[in-house]
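Letter by letter, the sequence shown follows residues 9 to 191 in our numbering. Working notes, beginning with the structure itself.
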Amino acid sequence: MTPHQIVQMIFDVYNKVGHRQYGESVTELEHALQTATFAMQFNSSDAVVVASLLHDYGHLQHDEGEDVASHGVDMRHEDLGVIKLTSFFGPEILEPIRLHVAAKRYLCHKSKTYIDGLSPASLLSLEIQGGPMSSREGAEFESNPYYKSAVELRRFDDMGKVSGMKTPTLESFYSLVLSFVVK
Numbered sequence: 009m010t011p012h013q014i015v016q017m018i019f020d021v022y023n024k025v026g027h028r029q030y031g032e033s034v035t036e037l038e039h040a041l042q043t044a045t046f047a048m049q050f051n052s053s054d055a056v057v058v059a060s061l062l063h064d065y066g067h068l069q070h071d072e073g074e075d076v077a078s079h080g081v082d083m084r085h086e087d088l089g090v091i092k093l094t095s096f097f098g099p100e101i102l103e104p105i106r107l108h109v110a111a112k113r114y115l116c117h118k119s120k121t122y123i124d125g126l127s128p129a130s131l132l133s134l135e136i137q138g139g140p141m142s143s144r145e146g147a148e149f150e151s152n153p154y155y156k157s158a159v160e161l162r163r164f165d166d167m168g169k170v171s172g173m174k175t176p177t178l179e180s181f182y183s184l185v186l187s188f189v190v191k
């Protein structure tokens with residue numbers, strides 16, 4: 009596959025199943041666009057913007073229906089997304105995606121007030137994903153060179169749940185995503 013075909017394939021998945029409800033007041037596609045938009049607005053690196061756009065790609069890879077967490081199921085979407093994207097991107101994209109669930113657990117460990125800001129759906133998934141990290145898990149998380157990017161992505165992930173928010177189109181991210189495809 010050429011780099012253009014890779015990006016088109018990824019975008020086709022968003023266009024085909026991105027209408028699924030995210031478990032919040034937005035669809036999967038709206039959530040992806042909002043998360044990436046917040047990353048841009050906060051002047052994050054281009055890699056964090058792309059990782060923010062693609063961070064929940066794993067949710068689009070299963071046929072378990074919408075909002076599976078409400079049924080107590082952890083689809084390990086962060087791992088599924090990385091598995092699907094691993095041939096196409098480097099660690100600056102893949103690691104924040106892989107770590108964004110762990111980053112929520114980390115932030116809950118580091119900041120007791122962080123939990124208070126989580127949406128009901130995020131609280132439910134936190135419970136399913138293992139709850140706040142222990143001190144040992146937190147130290148291990150911090151040893152990953154991409155942990156700060158993952159925490160940054162996580163904060164944008166938490167913000168990207170605004171009903172009716174105006175964002176750039178998916179296609180407006182095409183060139184940026186293309187620039188990170190491993191050739």
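Every residue, glycine too, gets a C-beta built ideally from N, C-alpha and C.
Residue i - DSSP class collapsed to helix/strand/coil
i: Q13; result: helix
i: F97; result: strand
i: Q137; result: coil
i: T43; result: helix
i: V189; result: strand
Contact check, residue i vs residue j, beta carbons under 8 Å
i: D165; j: H108; result: yes
i: V170; j: P11; result: no
i: G146; j: Y114; result: yes
i: V25; j: L68; result: yes
i: G66; j: L88; result: yes
i: H39; j: D64; result: yes
Residue i to residue j span [Cα, whole Å]
i: Q29; j: E36; result: 6 Å
i: N51; j: A44; result: 11 Å
i: A47; j: M173; result: 15 Å
i: Q13; j: G168; result: 28 Å
i: K191; j: F96; result: 8 Å
i: G139; j: S133; result: 9 Å
i: S33; j: H27; result: 12 Å
Best match in the options for proximity to residue i [C-alpha to C-alpha]
i: L41; options: F181, L132, D54, S95; result: F181
i: S187; options: S53, S33, Y22, M141; result: S53
i: A111; options: V90, Y22, P99, Y154; result: Y154
i: S130; options: R163, E100, E150, N152; result: R163
_Segment contact flag, the segment 150 to 168 with the segment 54 to 70, C-beta cutoff 8 Å, min 3 pairs_ = yes
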